[in-house]
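Working notes for the structure below.
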Amino acid sequence: MDKEYKISNDKITVQTAIPFHSLMKMELHHDINAHVILVLRVTAEKESQEEILGRDWSGTSIYVYQNEEELLFAGSIEKLICRKGNQLLEMEIRGISGTAKLDRKRKRQSFQNPHMTYREVIQKVIEDYAGTRVRWGIKEDQEIGSPIIQYDETDWEFLMRLSSHFHEPLIAGAETDKPSFTFGMNDGERKSGGTIEMTGMGFDSVYYQNGSYGSDVPRSRAFYLEIAADENLQMGDKVSCEGRDYHVCQRRIIFERGDLSFTYRAGMEAVYRRKKIHNKALTGLRLEGTIKRTCEEGVYLQLDIDREERADYPWMWAPETNSLCYCMPETDTKAVLYLSTSEEADGRVILSTVKNTRNNMYADTQKRELVTNHQKRLGLYPDRILLEGAKGKVSCSMSDQTGIRLKSNSDIVFQADGGIYLTGQNVMVIAPVEVVCRTPASNMELCRDINLYAPGGVKTIGTGAGASPSRDLDAEEPMPEEETEHWQVSFSALAAIPALDFGQIGGADDVVEMSVLGSTPKIANSAAVAAMSEVMEGKRECDTSFPNVFKSMDNYTVKGGYALPAE
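If you read the sequence shown in the working numbering, its first letter stands for residue -1, the second for the next number, and so on.
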């Protein structure tokens, strides 16, 4: 432990480990929202100079007393400046209050529980500083109401921002070398009598800068008094003048040439009122975290900057797709909190972050994907939109190149109270087993056989193109038109007359087959039969005895199929 020296005169005593010889001047500066500053000008004799110049004195404790009894300042040495002249070493010792310990390291943490009180928040902030003293000039049990984020701020800067929520100052204390402060302007002792002399008064122009102007604080509350006294007043002490109370908000203590003086500025509310402070670093900030739970449109996010569990606020989930299409994120997935302004309450959780940067699908930022823990995927790409189930077994995609595609490893059901229309240049239905189209009254079944059924009859009208050789279904060249003679259609009708083997009839199902086989095409008269015979012998339709007879025939099958069983 360093040896401490006491240098005293009639009014001031300085106690510190620096071995100086005499005190020439002392100044103490105490303002709101600032540390208490002590400046000493001292001299050291030759035998002490080597010790003084040979070490770093920053952080060394220093105390100043009045008459060796009343403590004027307690803190530590911030800076030592030496100038050597003749045999003496002149030094300027700059001391600072214990609150400087709160103003060294920038920190990041959040307080998301809106029901936390300001007292609870401040206790969390100062828990790493043993022996810290806090006095309250406001109602400390008030709830914060919305999340507060400390980001790249020292604890002192953060505490100043908190006090500005009440338009109140933060006042450093100098009664101990440990951190000590008053949160807000406190009501101190009332001072009056012959020891106080008013040396000036006026209107403080800070009224137009600290948020008072334009608020409900009148201009008359911006008056101040300049005071000289022979006693040590404290911040917050009240001085009355013409029936009005003025709070001490600035202190100056000066010792020079054996004279000790105390001067103060005492002001009304608008003099020490503070405008709400914003952390500009919050604007545009993105903070990563882990989603702990969701509730309706809210997301509870554990931020990576927090060491403790603090996912206590439902941040609004607002993905970059807005309300076009989105789903709530899964628990334990990574997400980003975006702060568009310096107000924390304006924050939104906008997207889920992706850590697998080795996967090429995430290399292009224009290809956005949301993948759940169960491998469900939503993809937004420049040329397509994709909605996909686990392992791609079910999917729906809309692509600029291939159009709309529905894929399923089970059923796809279209159901509507009105009609469902499929319109296109080509409509193709392909199935490995069967294709069925049905209404409540009729049906069409394409499988190994073709089953056309309608209670009122089935009428087929075609061009004969179906008899042409099979072609590639994907080919885009137009089908060549070819003239079909009427006899070909009529011949098809005749060929549709089935043959029945009565020896094979065995049960009820065969009776249904008899009904089907009993349906015969309706054809024209005997002239058509004669013309058909000539055609079969090789004559052209136009060269037959009855060249126009085929045009009068109807290829009309009455109940040519059977009703499918109800599902």
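Don't be surprised by glycine CBs; every beta carbon is placed ideally from N, CA and C.
- Query: Is the beta carbon of Ser161 sitting closer than 9 Å to the one on Glu66?
  - Reply: no
- Item | Phe412, buried or exposed, once every other Cβ within 10 Å from all chains shown has been counted against 16 | exposed
- Who are the near neighbours of Gln110 in its chain, counting only those whose CB is closer than 6 Å to its CB and skipping five residues on each side? Pro145, Arg308, Asp310, Tyr311
- Message: Comparing C-alpha positions only, which one of Asp175, Gly200, Asp150, Asp304 sits nearest to Thr281?
- Response: Asp150
- Message: With H, G and I counted as helix, E and B as strand and the rest as coil, what does DSSP make of Phe156?
- Response: helix
- Message: Do His28 and Met233 count as a contact pair if the criterion is CB distance below 9 Å?
- Response: yes
- Cα-Cα separation between Met158 and Arg250, rounded to whole angstroms: 22 Å
- So what's Gln47 in DSSP terms, helix, strand or just coil? helix
- Query: What does a CB cutoff of less than 6 Å around Tyr379 pick up in its chain, not counting 5 residues either side in sequence?
  - Reply: Lys365
- Under 6 Å Cβ to Cβ from Arg81, same chain only, skipping five residues before and after it: list those, please. Glu88
- Are there 16 or more other CB atoms within 10 angstroms of the CB of Ala172, so buried, or fewer, so exposed? buried
- CB contact flag (Leu223, Ala264, <9 Å): yes
- Paired residues, beta bridge with Trp55 - DSSP: DSSP output for Trp55 lists no bridge partner at all.
- Would you check if the distance between the CB atom of Ser56 and the CB atom of Ile75 is smaller than 9 Å? yes
- Ala227: first and last residue of the uninterrupted beta strand (DSSP E) it sits in: 221 to 227
- Task: Helix, strand or coil for Leu231, going by three-state DSSP, please let me know.
- Result: coil
- Query: Along the chain, where does the beta strand (DSSP E) that runs through Ser531 open and close?
  - Reply: It is not in any beta strand (DSSP E) - Ser531 instead sits in the alpha helix (DSSP H) that spans 524 to 534.
- Item | Extent of the continuous beta strand (DSSP E) run through Arg250 | 242 to 254
- Task: Answer with buried or exposed for Arg356, where buried requires no fewer than 16 other C-beta atoms within 10 angstroms of its C-beta.
- Result: Low confidence applies here, because Arg356 scores a pLDDT of 49, under 50, leaving its location unreliable; read the following figure in that light. Exposed is the call here.
- Per DSSP, what kind of secondary structure is Thr115 in: helix, strand or coil? strand
- Message: Within the continuous alpha helix (DSSP H) that includes Glu267, where are the two ends?
- Response: 267 to 270
- Closest Cα partner of Met196 within the set Pro112, Cys239, His165, Ile136: Cys239
- Given a threshold of 16 other Cβ atoms within 10 Å of its Cβ, counted over all protein chains shown, does Ala414 qualify as buried or as exposed? exposed
- Measure how close the beta-carbons of Ala15 and Lys4 come, nearest whole angstrom, since I'm counting them as under 8 Å. So it is not a contact: roughly 11 Å between Cβ atoms.
- Tell me whether Phe253 counts as near the ligand GDP, meaning its Cβ is closer than 8 Å to at least one heavy atom of that ligand. Of ligands this structure carries none, so the ligand GDP is not represented either.
- Task: Taking only the alpha-carbon atoms, compute the straight-line gap between Asp472 and Glu539 and give it to the nearest angstrom.
- Result: Note on Asp472: pLDDT 48, under 50, position unreliable in the model; the coordinate value appears next. Near 35 Å, if we compare the C-alpha coordinates of Glu539 and Asp472.
- Query: In chain order, what residues of the same chain have a beta carbon less than 6 Å from the beta carbon of Ala561, not counting five sequence neighbours either side?
  - Reply: Tyr451
- For Lys278, which residues does DSSP report across the bridge? According to DSSP, Lys278 bridges with nothing at all.
- Message: For the beta strand (DSSP E) containing Thr197, name the first residue and the last one.
- Response: 194 to 201
- Query: Going by the CB atoms, is the gap between Ile120 and Glu141 shorter than 9 Å?
  - Reply: no
- Query: Straight-line CA distance for Arg446 to Val431?
  - Reply: 8 Å
- Over what stretch of residues does the beta strand (DSSP E) that includes Asn449 continue unbroken? 448 to 451
- Local conformation of Thr97 per DSSP, three classes: helix
- Burial state of Ser543 (16 or more Cβ within 10 Å): exposed
- Item | Simplified DSSP assignment, three categories, for Asp150 | strand
- Hey, Val344 and Leu335 are a contact pair by Cβ (cut 8 Å); roughly how many whole angstroms apart? Residue 344 is actually Asp in this sequence, not Val. In fact, because the Cβ distance is near 11 Å, the residues do not count as touching under 8 Å.
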